[in-house]
Amino acid sequence: MMHGLPETRLRDPLLKVENLVVEYSVGGRTVHAVSDVSLQVARGETLGLVGESGCGKSTLGRAVLQLRRPVSGQVVFDGHDLVAMKGDTLRRMRRRVQLIFQDPIASLNPRRRIGDIVAEPLVIAGVTDRAEREKRVREVLGAVGLDPGLVMGRLPHEFSGGQCQRICIARALILNPEFIICDEPVSALDVSIRAQILNLLEEMKARYGLTLLFIAHDLAVVKAVSDRVAVMYLGRLCEVGPSEQLFARPAHPYTALLIEAIPQPDPDVRPPQSVPIGEPPSPISPPSGCRFRTRCPKADQRCVDEVPELVPIAPDQLVACHHPNFG
Amino acid sequence: MAVLDIGIDTAIVSPVRRTRRLGILFWLAAGWIAFIVLAAIFAGVLLAHSPTDMDMLERRAVPSLVHWLGTDALGRDELARLLHGARISLIVGLCAPVIGITIGGALGILAGYFRGRFETIVVGSMDVLLAFPPLVFALAVTAYLGQSVFNLTCILGVLGIPAFMRVARAATLSLAEREFVVAARALGASHARILLHELLPNVFLPLLAFFLLGVAVTIVVEGALSFLGLGVPPPAPSWGSMIGEGRESLEIAPRLAFIPAVTMFLTVLSFNLVGDTLRALTDPRQGAL
Amino acid sequence: MKAPALLSVEGVSVDLPTPRGNLRAVDQVDLKIAPGQTLGIVGESGCGKTMLSRAILQLLPKKAKLSGRVMFDGQDLTRLAAEPLRKLRGRALAVVFQDPMTSLNPVLTIGSQLIETLQEHLEFDASTARRRSVELLAAVGIPAPEQRLSQYPHQLSGGMRQRVAIAIALSCEPKLLIADEPTTALDVTIQAQILDLLAREQRRRHMAMIIITHDLGVVAGRTDEVAVMYAGRVVERAPTPVLFKKMRMPYTEALLAAIPKIDAAPHTPLPAISGRPPDPTRPIQGCSFSPRCRYAMSDCHQQKPALVEAGPDHQYACFHPIHATAEACA
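As they're listed, the protein sequences go chains A, B and C. Numbering of the first sequence is given in our numbering, commencing with residue 27 and proceeding in unit increments. Numbering of the second sequence is given in our numbering, commencing with residue 5 and proceeding in unit increments. Numbering of the third sequence is given in our numbering, commencing with residue 143 and proceeding in unit increments.
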């Protein structure tokens, strides 16, 4: 049985996740956070990973960095399997892959000054020259739109959410990483600030030649920054494809549901008529077969018995469904 | 008009000027502590009398110019005894929690960070220590090793370790999953670096506040043990033993029990007040609106 | 012509003393809502929308000073004594908050919270209250309502808890429901369900509703009128279609433009608003939005614009509005 993506599609992906399974126990019960997920991210692209709460997207992001160890599967970054790495080798590898979090203020140590926080990666990487560190900190703070002179000596609580997120981005960039995982980077920010930070991420990506994995629950935000989008539901991938294509013609019923449920800031667009049924089941006891079947109007016996595989349905678009919307 | 505007963001939320003045109570408390500490240090130099010289003719004398606070049941100068007692109380009161904060604090942070079997062992052994009746423990140690300030400090220090361990562990547990710690791990920081640079600065303040509380409690406990005759051996004065001795003279000269009691009360209260105020002031989050 | 207002907020200001000086959280707000109408209040953090809702409910923190009038159903809530006010809240005036985990008592069962409300306000006896609770839970779409009565909030999902909170709010047939960010903490598919539920119940009960949110998408299809707040003031107020199509206030335009649209192509640069929402403890001279406004001129930095009429029920506060016609320009 073939898992994962057809090999011909992406040549030389920077990141290749294969059959990743991440589970952890909560109060004696096992949460199946990520179940057999495979995806690839090409150099220089932004892959959006979207899904609602409990779908496992954040866990996947952390599992890629080995902040949460997977139960099985591989995470191949630039040819090296991160799952098999430990200790110092892993720590050195981590410098090439950085992470930006949802809550920018909580991501900064409240008792350390911004200058020290942003310089921290350099210290860990062994840059001992203080002047050199300061130079690079100033450079990167300027790149993210902050005035280093005003910012370096202060503590995180003196800044707003948007400014803190800029600081976090600066910290992520200072080692010139190749890959950045953004875990809900704008969800905690005000609407008017979100656009600033999204623009900033795009600019940084262009300037530093980055590859991004952009995790979010807001489809419009994901679409705005991503080349390709992967949709997750309850630990499994539902659909993967180029942004424009996926949103224009979603093949998976869940994707269609998500798109329809987005409240549009346009009074002429009527609120969705087909209201989604029910609530997502718990990842502790996910449904058998297709996990979306409990809320899917098309579900039948095959969906109960058989786990749908990710198969190509259109050029570059893959879907895991027995009854996709087309094809 | 779509302009790629990342927006240079220069406005800073400047910190609250500490317009909350340290209240009058804080200064009174700090003043008292300073006074007691200085008096205890310079007791030998300043005082005319020794705390152990007995003047049988002047027993239970009322305060006079010769004896500023009078004398006790054995004719010893009250003021001298009070200040020498202060020495004992402060030495034990400050040193014993130091043992607690260093050993207990370290164990707590490590247990809270590493979790797993190490944590279970640490917590379990601390529970055993806590379950041990402190008085029996004190009795046993003093019976074997004798009564002395050093032994007393060690006993009280060891008995305080579980409490510090719990405070440190609780603080670490709540911090270890916070995003800035995960961020440090994501940067490839070693465990030592995370413990020292990320966790310790944040755990330190709750521990310090608890330390000052521990000082206050230790002074009281030392007083209680000395009251029972288990603390510092006579004739060395201690506030607790002074209260104990003053018990016999309650009808004739109640001041003999009250003066050391009031002094201990004020000292303990002052440590609590100072500790609490310092904790409130140095919490960076308190400053932001 | 128009039904008499059920709720009329007149010149309401809320001042909060802080270590940094006086904070004007709400500045001279006027709002009206008729029975059965839905008003959306939109704004970002710090704009004062939550304080405004608290002011309406008379649930402000003790230190806060309220000026102005809040007329509800003919009564001035600011002048009402504690007891009649308490009777009004929960009964004629109901609230649904953002986080159902904190608005529901975690140590009481769902049933007891519902039944308590019913018994308190409508003076039902226990069995009637119980029956009515089951009906309410079913009406808000909770499956197996009888079992839920004996469950605790933490045993339910976020969406379910919010439904329970709505059931409690609706239990006494309120005339006005204030929903303060009711779906912000919920997933988008659940959000759609909850908003639909609110709309349905509102239609059935001919209830007035105020939806407070930062999400313009939420108000677009579901409100009759929208008020946009910025730095404690209402900067634009209009019937919903008018606001989205013919807005006057540059902030409204900028806010709409800054939202990523689902039908835009990827990597379209977003017209961001530079700067940040203002610090409420540092009032700016002149229009609060002027530091960030593309169209700002010198007079914008000097004086605060007052609300002017652009049409029936359409007001805005700007010296140089957009889509300005010749006579409307200041």
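For each residue, glycine too, the CB sits at the ideal point set by N, CA and C.
For residue i, name the three-state secondary structure that DSSP assigns.
i	result
TYR437 (chain C)	coil
PHE275 (chain B)	helix
ASP218 (chain C)	strand
GLU33 (chain A)	Unreliable positioning characterises GLU33 (chain A) in this predicted model, as indicated by a pLDDT of 40, which lies under 50. A coordinate reading is not provided.
GLY70 (chain A)	coil
LYS317 (chain C)	coil
PRO182 (chain A)	helix
GLN444 (chain C)	helix
ALA277 (chain A)	coil
LEU211 (chain B)	helix
GLN304 (chain C)	helix
ARG21 (chain B)	In this prediction, ARG21 (chain B) scores a pLDDT of 45, lower than 50, which makes its location untrustworthy; the coordinate-derived value is nonetheless stated afterwards. If DSSP states are grouped into helix, strand and coil, ARG21 (chain B) belongs with coil.
Between the Cα of residue i and the Cα atoms of the options, which residue gives the shortest distance?
i	options	result
LEU235 (chain C)	C:ASP405, C:GLN444, C:GLY300, C:THR259	C:THR259
GLY152 (chain A)	B:GLY192, B:LEU111, B:GLU226, B:GLY112	B:GLY192
LEU312 (chain C)	C:ALA197, C:LEU165, C:ARG231, C:PRO392	C:ARG231
ALA180 (chain B)	B:ALA115, B:ARG259, B:GLU255, B:ALA147	B:ALA115
SER440 (chain C)	C:GLN427, C:VAL184, C:ALA448, C:LEU256	C:GLN427
ASN351 (chain A)	A:LEU199, A:LEU239, A:THR281, A:PHE240	A:THR281
ILE257 (chain C)	C:LEU202, C:ALA369, C:ALA271	C:ALA271
VAL49 (chain B)	B:LEU87, B:GLU255, B:GLY112, B:MET246	B:LEU87
ARG189 (chain B)	A:ARG220, A:PRO293, A:ARG117, A:TYR259	A:ARG117
PHE231 (chain B)	B:GLY218, B:VAL219, B:ARG251	B:ARG251
VAL151 (chain C)	C:LEU181, C:LEU412, C:HIS348	C:LEU181
CB-CB under 6 Å to residue i, same chain, minus the five flanking residues each way: which ones, in chain order?
i	result
LEU25 (chain A)	Residue 25 (chain A) lies beyond the stretch modelled for chain A, which goes from 27 to 353, so this question has no answer here.
VAL52 (chain A)	none
VAL238 (chain C)	ALA307, ILE308, ALA311, ALA321, PRO324
ARG356 (chain C)	The question names Arg, yet the displayed sequence has His at residue 356 (chain C). The residues are GLU186.
Sorted by chain position, which residues of the same chain lie with C-beta nearer than 8 Å to residue i's C-beta, five sequence neighbours on each side aside?
i	result
ALA135 (chain B)	none
VAL337 (chain A)	LEU344, VAL345, ALA346
ARG180 (chain A)	ARG139, ILE140
LEU199 (chain B)	ILE113, LEU114, TYR117
TYR259 (chain A)	GLY77, GLU78, CYS81, TYR280, PRO306, ARG317, PHE318
Starting from residue i, find everything on chain A with Cβ-Cβ shorter than 7 Å and list it in chain order.
i	result
ARG189 (chain B)	LEU93
ALA193 (chain B)	ILE150
GLY253 (chain C)	Under the 7 Å cutoff, chain A gives no residues; its nearest Cβ is about 20 Å from GLY253 (chain C).
Residue i bridges to which residues according to DSSP?
i	result
PRO239 (chain B)	According to DSSP, which records beta bridges pairwise, PRO239 (chain B) is partnered with nothing at all.
THR176 (chain B)	DSSP output for THR176 (chain B) lists no bridge partner at all.
THR180 (chain C)	C:MET351
LEU245 (chain A)	DSSP output for LEU245 (chain A) lists no bridge partner at all.
ASN351 (chain A)	DSSP, once it has assigned bridges, lists no residue as partnering ASN351 (chain A).
ARG379 (chain C)	C:ALA369, C:GLN457
SER64 (chain A)	For SER64 (chain A), which the question treats as bridged, DSSP gives no partner whatsoever.
ASN164 (chain C)	C:PRO159
SER150 (chain C)	C:LYS174, C:MET213
ARG262 (chain A)	A:TYR259
GLN343 (chain A)	A:ALA340
GLY267 (chain A)	A:VAL255
Could you work out which residues of chain C lie near residue i, taking near to mean beta carbons separated by less than 8 Å?
i	result
LYS249 (chain A)	PRO402, ILE404, ALA406, PRO408
LEU236 (chain A)	The premise fails here: LEU236 (chain A) is roughly 14 Å from chain C at the closest Cβ pair, so nothing lies under 8 Å.
Taking C-beta pairs closer than 7 Å, name the residues in chain C that residue i reaches, listed in chain order.
i	result
SER371 (chain A)	Outside the shown range of chain A, which is 27 to 353, sits residue 371 (chain A), and nothing can be said about it.
SER79 (chain A)	ASP329
Just the chain A side, please: which residues come within less than 8 Å of residue i by C-beta, in chain order?
i	result
MET302 (chain C)	GLU305
HIS356 (chain C)	ASP216, VAL217
Between which residues of its own chain and residue i is the CB-CB distance below 7 Å, once the five residues before and five after are set aside?
i	result
ILE288 (chain A)	LEU245, ALA246
PHE214 (chain B)	PHE168, VAL171
GLY168 (chain A)	PRO174
ALA147 (chain C)	LYS174, ILE175, ALA176
SER314 (chain A)	VAL330
Please compile the residues from chain B whose C-beta is within a distance smaller than 7 Å of the C-beta of residue i.
i	result
PHE127 (chain A)	GLU183, ALA187
PRO147 (chain A)	LEU191
Please list, in chain order, the chain B residues whose beta carbon lies closer than 8 Å to that of residue i.
i	result
GLN124 (chain A)	ALA190, LEU191
SER98 (chain A)	The premise fails here: SER98 (chain A) is roughly 21 Å from chain B at the closest Cβ pair, so nothing lies under 8 Å.
Anything in chain A within Cβ reach of residue i, meaning under 9 Å, just list it in chain order.
i	result
ALA197 (chain B)	Going by the sequence as given, residue 197 (chain B) is Arg instead of Ala. Per Cβ cutoff of 9 Å: GLU146, VAL149, ILE150.
GLU186 (chain C)	ASP216, VAL217, SER218, ILE219
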